[in-house]
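Enquirer: Please find one structure pasted underneath; my questions will follow.
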Amino acid sequence: MKTGFLKLPLIVQGIVIMVVWSAVNAIYIWYNWPVNKFDFVPAFLPVFPVLISSRSGVVTTNWQPCMAIVVGFTSWYLIRQTRMQKTKSPLFIRLIRHLLPVWLFMGTCFLLLNHWVPQMGLARFSDFEQLVLILAIFSWQIGLFGSVPLLWAINPYKHGWSANKWMWLYLLTAIVALYMLSHLKFTFGGHFMSLVASSDGAIWATFPFWLGWAVGMLLIGLIWFLARYQYHNENNTQG
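Numbering (full-length UniProt numbering) for the sequence shown: 1 to 239.
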């Protein structure tokens, strides 16, 4: 079965992984659906969503944690498999061809799951505003979580701090960026919102939502640029 799976095209492999995850999550949500108001169903594993029932009985969740895991792991797998292919086609062209279709399919799966269990924190917005926000947030998060593995999956891991200093620097930068993002608020449709889980700390600044989204998309582009630079620099060093 494993051999048969590995013989499938990489795009199909990524889609199969997402289909299996979506099916298992649908069963998990159905089985653990809150029956009372103010119910809180913790996730059995980080790949499952936390189900929260509000005063009105509406069940919501925060898709961000499990999205980060499933998108990050699947993208890391596809990147590594693409890197191992023996072909003269440029690596980053192949990465785009393999990742983009899978990311689009992931977005579709998360939109369907979100239609069943809405993303928490968006109830104050109208139905149309929620749709726009979900499309924008999910596209940014899938692109970000799927691109981060590029920074260490392109080149093989080496032992020692000095050999992997850039990888640790990227990780530290990501942690600092997420911490800062948790202290920022964004405005959309006359309401305030956060792009990450709410923090108990003070809010440092408030920005328009689309400005934050544009900066997030630029960050994805920066990740691809750094990964490409790192890959070519490694090849030139070896050559």
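C-beta: ideal position from N, C-alpha, C; glycine also.
The ligand ADP and W210: does any heavy atom of the ligand fall closer than 6 angstroms to the residue's C-beta?
Expert: In the structure shown, the ligand ADP is absent, as is every other ligand, since no ligand is present at all.
Enquirer: In three-state DSSP terms, what is M193?
Expert: Taking the first residue of the sequence shown as 1, we reach residue 193 at position 193. In the three-state DSSP reduction, M193 falls in the strand class (E or B).
Enquirer: For S53, which three-state DSSP category applies?
Expert: For this step, residue 53 is matched to residue 53 along the sequence shown. Reduced to three states, the DSSP call for S53 is strand.
Enquirer: List the whole-angstrom C-beta distance separating I223 from V102, where the pair is believed to meet the contact cut-off of C-beta under 8 angstroms.
Expert: Position 223 of the sequence shown, counting from 1, holds the residue named residue 223. Position 102 of the sequence shown, counting from 1, holds the residue named residue 102. Incorrect: roughly 17 angstroms between the Cβ atoms, too far for contact.
Enquirer: Verify whether the separation of the beta carbon atoms of T74 and I17 is less than 7 angstroms.
Expert: Position 74 of the sequence shown, counted from the start, is the residue given in the question as residue 74. Position 17 of the sequence shown, counted from the start, is the residue given in the question as residue 17. A contact, by the Cβ cut-off of 7 angstroms.
Enquirer: Can you check DSSP and say which residues form a bridge with K185?
Expert: Within the sequence shown, numbered from 1, the residue matching residue 185 stands at position 185. Note: K185 sits in a beta bridge opposite T206.
Enquirer: Is V16 helix, strand or coil when you go by DSSP?
Expert: In the sequence shown, residue 16 corresponds to position 16, counting from 1. It is helical.
Enquirer: Is there at least one Cβ from chain D nearer than 7 angstroms to V20's Cβ?
Expert: Of the protein chains in the structure, only one exists, and it is not chain D.
Enquirer: For A170, count the other beta carbons within 10 Å of its own beta carbon; 16 or more makes it buried, fewer makes it exposed. Which is it?
Expert: Locating residue 170 in the sequence shown gives position 170, counting from the first residue. Looking at the sequence provided, one finds Tyr at residue 170 rather than Ala. Per the 10 Å Cβ criterion, buried.
Enquirer: Going straight from the alpha carbon of S22 to that of I175, what length do you get?
Expert: To locate residue 22, count along the sequence shown from 1; it is residue 22. To locate residue 175, count along the sequence shown from 1; it is residue 175. Cα to Cα, the separation comes out at about 28 angstroms.
Enquirer: Where L184 and L133 are concerned, what is the direct C-alpha to C-alpha distance, given to the nearest angstrom?
Expert: Locating residue 184 in the sequence shown gives position 184, where the first residue counts as 1. Locating residue 133 in the sequence shown gives position 133, where the first residue counts as 1. Each residue's alpha carbon lies about 17 angstroms from the other.
Enquirer: Whole angstroms is fine: what's the gap from L100's alpha carbon to V59's?
Expert: Residue numbering aside, residue 100 sits at position 100 when the sequence shown is read from its first letter. Residue numbering aside, residue 59 sits at position 59 when the sequence shown is read from its first letter. Roughly 31 angstroms separates the two Cα atoms.
Enquirer: Only counting the same chain, and skipping five residues up and downstream in sequence, which positions put a Cβ closer than 8 angstroms to that of F192?
Expert: Start at 1 with the first residue of the sequence shown, and residue 192 comes out as number 192. K185, F186, T206.
Enquirer: Looking at G189 and F138, is the spacing between their C-beta atoms short of 7 angstroms?
Expert: One-based indexing of the sequence shown puts residue 138 at position 138. One-based indexing of the sequence shown puts residue 189 at position 189. No.
Enquirer: Apart from the five residues just before and just after F145, which ones in its own chain have a Cβ nearer than 8 angstroms to its Cβ?
Expert: For this step, residue 145 is matched to residue 145 along the sequence shown. Closer than 8 angstroms at the Cβ level, and outside the excluded window around F145, lie M67, A68, V71, G72, S75.
Enquirer: In chain order, what residues of the same chain have a beta carbon less than 6 angstroms from the beta carbon of E129, not counting five sequence neighbours either side?
Expert: As a first step, residue 129 is located in the sequence shown; it is residue number 129 there, counting from the start. Cβ within range, chain order: G189.
Enquirer: For a test of the three-state rule: what should DSSP assign to V41, helix, strand or coil?
Expert: By one-based count along the sequence shown, residue 41 stands at place 41. Reduced to three states, the DSSP call for V41 is strand.
Enquirer: Please say whether R228 and F38 have beta carbons closer to each other than 7 angstroms?
Expert: Within the sequence shown, the letter at position 38 stands for residue 38. Within the sequence shown, the letter at position 228 stands for residue 228. Taking 7 angstroms as the Cβ cut-off, F38 and R228 do not qualify as a contacting pair.
Enquirer: For W30, count the other beta carbons within 10 Å of its own beta carbon; 16 or more makes it buried, fewer makes it exposed. Which is it?
Expert: By one-based count along the sequence shown, residue 30 stands at place 30. Under the 10 Å beta carbon count, W30 is surrounded by fewer than 16 other beta carbons and is classified as exposed.
Enquirer: For S147, count neighbouring C-beta atoms within 10 Å of its own C-beta (all shown protein chains included) and say buried if the count is 16 or more, exposed if not.
Expert: Stepping through the sequence shown from its first residue, residue 147 is reached at position 147. With 16 or more other Cβ atoms within 10 Å, it is buried.
Enquirer: Helix, strand or coil for Q85? Go by DSSP, reduced to three states.
Expert: Indexing the sequence shown from 1 puts residue 85 at position 85. Q85: coil per DSSP, three-state reduction.
Enquirer: Over the uninterrupted alpha helix (DSSP H) stretch that includes R124, give me the two end residues.
Expert: Looking up residue 124 in the sequence shown gives position 124. From DSSP, R124 is part of no alpha helix (DSSP H); its letter is neither H nor E.
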